[in-house]
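Colleague:
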Amino acid sequence: MTPNFGIMVHGGAGTSKIRTKRTQISKALEDSVSAGYDILLAGRDSVDSVESAVASMEGSGVFNAGFGSCLTLEKRIEMDASIMDGRDLRAGSVGAVEHIQNPVKLARKVMERTDHVMFVSGGALKLAELCDIAPFFLEPTKEKLEVYTTLHKKLKTAWSRNYRLSSSSSFTLNQRHFGTVGAVAIDKHANVAAAVSTGGRWLKMHGRVGDSAVIGAGIYADNSSGAACATGNGEFIMKLCLSKYACDLMKQQQYSPSQAARKAIFLVTRRFGPNNGGMITVNAKGTFGLSMNTRSMPVAIKSSKSHGKMHVRL
Ligand code: ASP
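Note that the numbering used here has the sequence shown beginning at 1004, numbered continuously upward.
If you want it as structure tokens, here you go:
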């Protein structure tokens, strides 16, 4: 019997309900989950599926990833991304990369073309060049610059000592909708995979790398347990190795994907308070789960269990 196959994607945890751009967000999630599902339906593997789903969201401009990435304190765009294959724990990630159209694709090159796991900044760009990925100059849009100006003013007022050392309290101040993108998938051969991509946190300091580049924090995938992808305050997610924690809970079917995601997010709440993050999960049987302690986390799912019918929830 072919096991259940399918994919779940998210568009980032947010501290407020999504009131604007609902149609665009919905459409971008639909496009992403369909791109990932079609790959699985054709019999290709879950790594191809999550890469393609995340690349689609990076290209949409709607989320805080790829084209839509937020700005650092110095008005730069510095992105993090990672990908992991549950078959053999192969993983690749990039941190603080600039001038790359699809950071998730570069993360895959790290996984497949090198025997390293993480590349950052200039080294990642050098690898891109070696892999024939052309540089791509992302310019901050007018809309992004306006958000920057508003947040920058707030940050300067809120932390008058030295706003250049951006304070952690700026997190809740700045971040209404985090908008990181991620995906977990399982293919027809019961192989799981996860991928994530982000511009990180608004007004982060130059060189800051978040959980999305850290295997075990932002994502994890292991056929013996399942796959998980986290979003929210990256500093908290890293301190808790959150995605690995959720996968460990799913080992030997001890906890269902929903229970594992709930327990992981409960841990975030217990240690760091509410309104901080969310998670999506899938286990080796093709059951999906999700949880968040924020007011929103747009998700879409398409699986063979529901005969390829798409579900989107904003
Ligand atoms: N986890 C991301 C980061 O801290 C942000 C997010 O998920 O929205 O870089």
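Beta carbons are placed, not taken as given, at the ideal position from N, Cα and C, and that holds for glycine.
What does the alpha-carbon distance come out to for the pair G1237 and K1308?
Modeller: For this step, residue 1237 is matched to residue 234 along the sequence shown. For this step, residue 1308 is matched to residue 305 along the sequence shown. Those two C-alpha atoms are separated by around 32 Å.
Colleague: Contact between the stretch 1031-1039 and the stretch 1206-1214: three or more CB pairs below 8 Å?
Modeller: Not touching, per the Cβ criterion.
Colleague: At what residues does the beta strand (DSSP E) containing C1232 begin and finish?
Modeller: For this step, residue 1232 is matched to residue 229 along the sequence shown. Its beta strand (DSSP E) spans residues 1229-1235.
Colleague: I need the DSSP call for R1298, collapsed to helix, strand or coil.
Modeller: The residue labelled residue 1298 in the question sits at position 295 within the sequence shown. Coil.
Colleague: Given 7 Å as the limit, tell me if R1079 has its C-beta closer than that to any heavy atom belonging to the ligand ASP.
Modeller: For the purposes of this step, residue 1079 is identified with residue 76 of the sequence shown, where counting begins at 1. Checking the Cβ of R1079 against the ligand ASP gives no.
Colleague: Just to confirm my understanding: we take Y1166, look at its own chain, exclude 5 residues before and 5 after, and list those with CB closer than 7 Å. What are they?
Modeller: In the sequence shown, the residue the question calls residue 1166 occupies position 163. Counting only Cβ-Cβ distances below 7 Å, and skipping sequence neighbours, we find L1158, K1159.
Colleague: Taking only the alpha-carbon atoms, compute the straight-line gap between A1131 and G1062 and give it to the nearest angstrom.
Modeller: Here residue 1131 refers to the residue found at position 128 when the sequence shown is read from its first residue. Here residue 1062 refers to the residue found at position 59 when the sequence shown is read from its first residue. Taking the straight line from one Cα to the other gives about 18 Å.
Colleague: Opposite K1305 in the DSSP bridges: which residues?
Modeller: Along the sequence shown, read from residue 1 onward, the residue named residue 1305 stands at position 302. I1010, M1313, per the DSSP bridge assignment.
Colleague: Can you name, in chain order, every residue of its own chain whose Cβ lies under 6 Å from the Cβ of H1314, other than the five neighbours on each side?
Modeller: Here residue 1314 refers to the residue found at position 311 when the sequence shown is read from its first residue. Excluding residues within five positions, the ones whose Cβ falls inside 6 Å are I1304.
Colleague: If you check the beta carbons only, do S1085 and S1096 fall under 8 Å apart?
Modeller: Along the sequence shown, read from residue 1 onward, the residue named residue 1085 stands at position 82. Along the sequence shown, read from residue 1 onward, the residue named residue 1096 stands at position 93. Yes, Cβ-Cβ distance for S1085 and S1096 is below 8 Å.
Colleague: Taking 8 Å as the cut-off, decide whether the C-beta atoms of G1203 and E1054 are in contact.
Modeller: Within the sequence shown, residue 1203 is the residue found at index 200, counting from 1. Within the sequence shown, residue 1054 is the residue found at index 51, counting from 1. Contact: no.
Colleague: Opposite M1121 in the DSSP bridges: which residues?
Modeller: Taking the sequence shown and counting its residues from 1, the one referred to as residue 1121 is at position 118. Its beta-bridge partners are S1096.
Colleague: Compute the beta-carbon to beta-carbon distance between G1017 and K1191, rounded to the nearest angstrom, for a pair I have assumed lies under 8 Å.
Modeller: The residue you call residue 1017 lines up with position 14 of the sequence shown. The residue you call residue 1191 lines up with position 188 of the sequence shown. Contact doesn't hold; Cβ gap of about 33 Å is too wide.
Colleague: Would you mind giving the Cβ-Cβ distance between N1279 and G1235, rounded to the nearest angstrom? I have them listed as a contact below 8 Å.
Modeller: Sequence index remark: in the sequence shown, residue 1279 carries index 276 (1-based). Sequence index remark: in the sequence shown, residue 1235 carries index 232 (1-based). At roughly 5 Å, the Cβ-Cβ gap stays under 8 Å, so N1279 and G1235 are in contact.
Colleague: By the 10 Å Cβ neighbour count, where 16 or more other Cβ atoms means buried, how is M1253 classified, buried or exposed?
Modeller: Your numbering for residue 1253 matches position 250 in the sequence shown. By the 10 Å Cβ count, M1253 comes out buried.
Colleague: Buried or exposed: which applies to S1227, given that a residue is buried once 16 or more other Cβ atoms fall within 10 Å of its Cβ?
Modeller: For the purposes of this step, residue 1227 is identified with residue 224 of the sequence shown, where counting begins at 1. It is exposed - the Cβ of S1227 has fewer than 16 other Cβ atoms within 10 Å.
Colleague: Using a 10 Å radius around the Cβ and a threshold of 16 neighbouring Cβ atoms, would you call R1111 buried or exposed?
Modeller: Position 108 of the sequence shown, counting from 1, holds the residue named residue 1111. The residue is buried, with at least 16 neighbouring Cβ atoms inside 10 Å.
Colleague: Which complete alpha helix (DSSP H) runs does the stretch 1116-1167 hold, if anything under 4 residues is left out?
Modeller: Within the stretch 1116-1167, the complete alpha helix (DSSP H) runs of at least 4 residues are 1124-1133, 1145-1161.
Colleague: To which residues does DSSP link V1050 through a beta bridge?
Modeller: Counting from one through the sequence shown, the residue named residue 1050 turns up at place 47. In the DSSP output, where bridge partners are listed per residue, V1050 has none listed.
Colleague: Taking just the CA atoms, how far does L1270 sit from G1276?
Modeller: Counting from 1 along the sequence shown, the entry for residue 1276 is found at position 273. Counting from 1 along the sequence shown, the entry for residue 1270 is found at position 267. Rounded to the nearest angstrom, the two C-alpha atoms are 9 Å apart.
Colleague: Going straight from the alpha carbon of K1207 to that of I1218, what length do you get?
Modeller: The residue labelled residue 1207 in the question sits at position 204 within the sequence shown. The residue labelled residue 1218 in the question sits at position 215 within the sequence shown. Whole-angstrom Cα-Cα distance: 20 Å.
Colleague: Could you check where the alpha helix (DSSP H) with Y1040 kicks off and where it finishes?
Modeller: Stepping through the sequence shown from its first residue, residue 1040 is reached at position 37. Where Y1040 is concerned, the enclosing alpha helix (DSSP H) stretches over 1025-1044.
Colleague: Using the DSSP secondary-structure output, state which residues sit across from T1075 in a beta bridge.
Modeller: As a working mapping, residue 1075 is identified with position 72 in the sequence shown. DSSP, once it has assigned bridges, lists no residue as partnering T1075.
Colleague: Around the C-beta of L1133, are 16 or more other C-beta atoms found within 10 angstroms, so that it is buried, or is it exposed?
Modeller: As a working note, residue 1133 is residue 130 in the sequence shown. It is exposed - the Cβ of L1133 has fewer than 16 other Cβ atoms within 10 Å.
Colleague: Would you call the CB atoms of A1197 and I1010 closer than 8 Å?
Modeller: Translated into positions along the sequence shown, residue 1197 becomes position 194. Translated into positions along the sequence shown, residue 1010 becomes position 7. No. Outside cutoff.
Colleague: Is the beta carbon of N1236 within less than 7 Å of some heavy atom of the ligand ASP?
Modeller: Taking the first residue of the sequence shown as 1, we reach residue 1236 at position 233. N1236: yes, Cβ under 7 Å from the ligand ASP.
Colleague: Taking the alpha carbon of E1077 as the reference point, which residue from W1205, V1184, F1140, N1105 has its own alpha carbon closest?
Modeller: The sequence position of residue 1077 within the sequence shown is 74, counting from 1. Here the closest residue by C-alpha is W1205.
Colleague: Taking only three categories from DSSP, how would you classify I1268?
Modeller: Here residue 1268 is taken as the residue at index 265 of the sequence shown, counted from 1. Of the three classes helix, strand and coil, the one that applies to I1268 here is helix, per DSSP.
Colleague: Taking three-plus beta-carbon pairs below 8 Å as touching, is the stretch 1090-1107 in contact with the stretch 1138-1149?
Modeller: The stretch 1090-1107, when compared against the stretch 1138-1149, does touch it at the 8 Å Cβ threshold.
Colleague: Using DSSP with H/G/I as helix, E/B as strand and the rest coil, what is Y1223?
Modeller: Position 220 of the sequence shown, counting from 1, holds the residue named residue 1223. Residue state, collapsed to three classes: strand.
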